[in-house]
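Residue numbers (this note's numbering), protein chains in the order written: chain A, 4 to 348; chain B, 4 to 348. All C-beta atoms, glycine included, are put in the ideal place defined by N, C-alpha and C. Just so you know, these numbers come straight off a predicted model, no measurement behind them. These notes concern the structure reproduced below.
2 protein chains.
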Amino acid sequence: MADSLSVAVVGATGAVGQEFLTLLVERRFPFRSLKLLASARSAGKRLAVGDQELVVEELRPDSFAGVDLAFFSAGAGVSREFAPRAVAAGAVVIDNSSAFRMDDTVPLVVPEINPQDLRRHRGIIANPNCSTIILSLPLYALHRAAGVKRVVVSTYQAVSGAGARAMQELEEQLQQVQRGGEIVARILPVASLPHHYPIVHNVIPQVDVFAEDGFTKEEWKMIRETRKIFHAPELQVVATTVRVPVLRSHSESVAVELERPLSVEEAREVFASMPGVVVQDRPEDQVYPMPYFTSGTDPVYVGRIRRDPTVPAGLLFWVVGDQIRKGAALNGLQIAEWMRQEGMI
Amino acid sequence: MADSLSVAVVGATGAVGQEFLTLLVERRFPFRSLKLLASARSAGKRLAVGDQELVVEELRPDSFAGVDLAFFSAGAGVSREFAPRAVAAGAVVIDNSSAFRMDDTVPLVVPEINPQDLRRHRGIIANPNCSTIILSLPLYALHRAAGVKRVVVSTYQAVSGAGARAMQELEEQLQQVQRGGEIVARILPVASLPHHYPIVHNVIPQVDVFAEDGFTKEEWKMIRETRKIFHAPELQVVATTVRVPVLRSHSESVAVELERPLSVEEAREVFASMPGVVVQDRPEDQVYPMPYFTSGTDPVYVGRIRRDPTVPAGLLFWVVGDQIRKGAALNGLQIAEWMRQEGMI
Chain A
4 MADSLSVAVV
14 GATGAVGQEF
24 LTLLVERRFP
34 FRSLKLLASA
44 RSAGKRLAVG
54 DQELVVEELR
64 PDSFAGVDLA
74 FFSAGAGVSR
84 EFAPRAVAAG
94 AVVIDNSSAF
104 RMDDTVPLVV
114 PEINPQDLRR
124 HRGIIANPNC
134 STIILSLPLY
144 ALHRAAGVKR
154 VVVSTYQAVS
164 GAGARAMQEL
174 EEQLQQVQRG
184 GEIVARILPV
194 ASLPHHYPIV
204 HNVIPQVDVF
214 AEDGFTKEEW
224 KMIRETRKIF
234 HAPELQVVAT
244 TVRVPVLRSH
254 SESVAVELER
264 PLSVEEAREV
274 FASMPGVVVQ
284 DRPEDQVYPM
294 PYFTSGTDPV
304 YVGRIRRDPT
314 VPAGLLFWVV
324 GDQIRKGAAL
334 NGLQIAEWMR
344 QEGMI
Chain B
4 MADSLSVAVV
14 GATGAVGQEF
24 LTLLVERRFP
34 FRSLKLLASA
44 RSAGKRLAVG
54 DQELVVEELR
64 PDSFAGVDLA
74 FFSAGAGVSR
84 EFAPRAVAAG
94 AVVIDNSSAF
104 RMDDTVPLVV
114 PEINPQDLRR
124 HRGIIANPNC
134 STIILSLPLY
144 ALHRAAGVKR
154 VVVSTYQAVS
164 GAGARAMQEL
174 EEQLQQVQRG
184 GEIVARILPV
194 ASLPHHYPIV
204 HNVIPQVDVF
214 AEDGFTKEEW
224 KMIRETRKIF
234 HAPELQVVAT
244 TVRVPVLRSH
254 SESVAVELER
264 PLSVEEAREV
274 FASMPGVVVQ
284 DRPEDQVYPM
294 PYFTSGTDPV
304 YVGRIRRDPT
314 VPAGLLFWVV
324 GDQIRKGAAL
334 NGLQIAEWMR
344 QEGMI
């Protein structure tokens, strides 16, 4: 194990990439060198990292010589092409894209839940989908305490999940609304698809492209990734994923059917004992999690905890977490921290 | 039955009251006189009704002399005080507040579903809660076709549901965001409660005040009113109601467990055959309902129709409808139109 690491960030100019740079400094991750990689379009840009300023380099096949740890957040296509090259060059890859998540040979990890899966990695480790990570923390706490049988989740997802350009689009549309002009939609819901819709004064019930049976890929990610992280292939999850005009925190409304009933008080204790979870649940004082207040912070926040009277052991809750932090960059860095602590990198 | 009616609108300056005035003209409702009533604060204001301009009068105990039909939308307190006076003066009252909805002697009516309940009225007819009406149309279509056992619904509710002042608050906060100043929250989630939160860049998981067991009154309205409208006291409904930064259309994510399975194609036909429902469901063309496009229109729109693979006869759908139109004023006027057609007023 080296004293400190040579780190590369692929997609350094993106929303998640930039947050990763912030967190590397904020959490004093021991790096001796830092390589910022992006497409040719972004090469030459300068980015602040702590009190340094670093120049973005073009991502190339030979970019990973001497790199110990590479964090990828530049889309599945880039990961599929370059992650194996980084591994071949000797790096450990933590990949924030969907490229390898459901690959049986690749660990898919939320460090508070299944860190031991990291021990069987073969070079690539997958960071789960943002909505999945945020749901997984409180859900796993329940699963451990009372067994989760079925989950029905509806999401209220921030535009940051569609990247820095989507965040800019929301900001621009907010200006267009004020000027009273036309609302121009070019990015959301999915930049590469033919139809784009305004996100101001709107909610869009499409996150990612449509897959099988009328579900979106985002919905299938929540279903399949949760099962893999929990090692629970029989877990029943069904999701409806929706984009809302919020910058960077996702919210989720969750109905769970448990093996054994939990009272609201018991559920609060179960959630509070889970690392990474903060309970904000005092309805009598109007205390519940909201994305306006959680953005830029690390935990996921749980509130609106209620017994669901329509099933024998049902529980309802509301969870909010910063999509760029715990939903992406923070979880990725926590994976690296765990491996570092265990002497794996 | 008179040739034409003397109509009063209580709460004429509110968001729903004003829409009622628009609809009276748009739908050529046969009124010979129209009395606009509101609090002393609003008395003297002039409102356009078609090509007329009418002066708002102060609501007083003697306001209803000679009135045939009074539409109330000024809150439960006003309805409790003045609706019985209007009935005593000989008027039929259609009440948009929650004051009488769960009163066994008061019909609670969505005209496409249970118009026959109007026949047993004793002067007051209750207009259901907005989220309830919007859910009820597609849900009743399923109930009739395949029997609904259980419903899990999460809402994405427009600010119009909290009245004209909440709509103004969203507009003001959008300006404050642009000026980069402080966001001032005085109305949402509930004007009369101590804590107010921004609605721009936010979603608020509280609509109306908290009631029993951690549920809000809005959530209980969706549960209890749906049962009453459907004449289905055993129907299992559980709701999480959430405010989003949208001006006037509510969206709802719905998971239904049916008595008998329906295919997606069958469900589309069932929805399409329901009066007041428009199916917008072509995921391959990114066609699904969105509040940005439905506002100001009459139907409720259904899309994202999918089989829920986690239960034997499960179905998921997404419904969007204008909160002020079908969710409030339009439904109220449709009640009056049905009664008029049947010679009841």
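Inter-residue spacing [alpha-carbon to alpha-carbon] between residue i and residue j
i, j, result
"Glu115/A", "Gly217/B", "28 Å"
"Leu26/A", "Glu287/B", "39 Å"
"Glu272/A", "Phe213/B", "22 Å"
"Glu262/B", "Pro236/B", "16 Å"
"Gly20/A", "Leu72/A", "14 Å"
"Val109/A", "Ala89/A", "15 Å"
"Glu255/A", "Gln55/B", "48 Å"
"Lys224/B", "Glu84/B", "21 Å"
"Ser7/A", "Val28/A", "14 Å"
"Ser79/B", "Glu260/A", "In the sequence as presented, Ser is not what sits at residue 79/B; that position holds Ala. Spanning the two alpha carbons is a distance of roughly 36 Å."
"Met293/B", "Val280/A", "32 Å"
"Gly346/B", "Ala165/B", "34 Å"
"Val322/A", "Val257/A", "8 Å"
"Phe141/B", "Leu265/A", "Sequence check: residue 141/B is Pro here, not Phe. In a straight line, the C-alpha of Pro141/B is about 33 Å away from that of Leu265/A."
"Cys349/B", "Ala169/B", "Any property of residue 349/B remains undetermined from this structure, which presents chain B solely from 4 to 348."
"Leu191/B", "Asn205/B", "11 Å"
"Asp107/A", "Glu172/A", "37 Å"
"Tyr295/B", "Ala149/A", "41 Å"
"Ile327/B", "Asp301/B", "10 Å"
"Ser9/B", "Phe34/B", "6 Å"
"Leu111/B", "Gly183/B", "46 Å"
"Pro64/A", "Ala77/A", "15 Å"
"Phe23/A", "Ile232/B", "52 Å"
"Ala51/A", "Gly14/A", "15 Å"
"Lys48/B", "Gly17/B", "12 Å"
"Leu333/B", "Tyr304/B", "15 Å"
"Arg189/A", "Ser195/A", "9 Å"
"Thr297/A", "Glu221/B", "25 Å"
"Ser276/A", "Val180/A", "44 Å"
"Val113/B", "Ile136/B", "7 Å"
Cross-chain neighbours of residue i in chain B, by beta carbon under 9 Å
i, result
"Leu250/A", "His204"
"Val267/A", "Asp216, Gly217"
Partner residues on chain B for residue i, Cβ-Cβ distance less than 8 Å
i, result
"Leu196/A", "Gln289"
"Ile308/A", "Gly217"
"Val19/A", "Those within 8 Å of Val19/A in chain B number zero; the least Cβ separation is about 19 Å."
"Val247/A", "Tyr159, Val206, Val247, Pro248"
Interface residues of chain A facing residue i [CB-CB closer than 9 Å]
i, result
"Phe213/B", "Pro286, Glu287, Gln289"
Cross-chain neighbours of residue i in chain A, by beta carbon under 8 Å
i, result
"Ser293/B", "Going by the sequence as given, residue 293/B is Met instead of Ser. Tyr200, Asn205, Val206, Ile207, Pro208, listed in chain order."
"Leu319/B", "Val241, Thr243"
Contact list for residue i against chain B, beta-carbon separation under 7 Å
i, result
"Asp311/A", "Val241"
"Ser254/A", "Val206"
Minimum Cβ-Cβ distance from residue i to chain E less than 8 Å
i, result
"Ala94/A", "The chain inventory of the structure shown lacks chain E, comprising the protein chains A and B."
Contacts that residue i makes with chain A (C-beta to C-beta distance below 7 Å)
i, result
"Ala258/B", "Val155, Val241"
Tell me whether the region 330–347 of chain B and the region 114–130 of chain B touch, counting them as touching only if at least three CB pairs, one residue from each stretch, are closer than 8 Å. yes
Is the region 229–243 of chain A close to the region 307–314 of chain B, with three or more CB pairs under 8 Å? Two segments are said to touch when three or more pairs of C-beta atoms, one from each, lie closer than 8 Å; by this definition the region 229–243 of chain A touches the region 307–314 of chain B.
Proximal residues, the region 153–184 of chain A versus chain B, C-beta separation under 7 Å: Arg153, Val155, Ser157, Tyr159, Leu177, Gln178, Val180, Gln181
Using 8 Å as the Cβ pair cut-off and three pairs as the minimum, do the region 145–162 of chain A and the region 247–254 of chain A touch? Short answer: they touch.
Check whether the region 123–139 of chain B and the region 99–107 of chain B touch, using three or more Cβ-Cβ pairs below 8 Å as the test. A contact exists between the region 123–139 of chain B and the region 99–107 of chain B.
With three or more beta-carbon pairs closer than 8 Å as the criterion, would you say the region 57–67 of chain B touches the region 35–48 of chain B? yes
At what residue ranges does the region 34–121 of chain B contain a whole run of the beta strand (DSSP E), taking only runs of 3 or more? 34–41, 49–52, 55–58, 72–75, 95–98
Hey, which unbroken runs of the beta strand (DSSP E) at 3 residues or more fall wholly within the region 216–258 of chain A? Within the region 216–258 of chain A, complete beta strand (DSSP E) segments of at least 3 residues are found at 239–243, given in chain order.
With 9 Å as the C-beta to C-beta threshold (strictly closer), list the residues of the region 24–56 of chain B near chain A in chain order. none
Residues from the region 321–332 of chain A in contact with chain B, defined by Cβ distance under 8 Å: Trp321
Report the start-end ranges of each alpha helix (DSSP H) in the region 269–323 of chain B that is 4 residues or longer and not cut off at the edges. 294–297
Start-end ranges of the alpha helix (DSSP H) lying completely within the region 121–209 of chain A, minimum 4 residues: If we require 4 residues or more, the alpha helix (DSSP H) runs fully inside the region 121–209 of chain A come out as 133–149, 167–182.
When you check each C-beta in the region 67–92 of chain B against every C-beta of chain A, which residues fall closer than 7 Å? none
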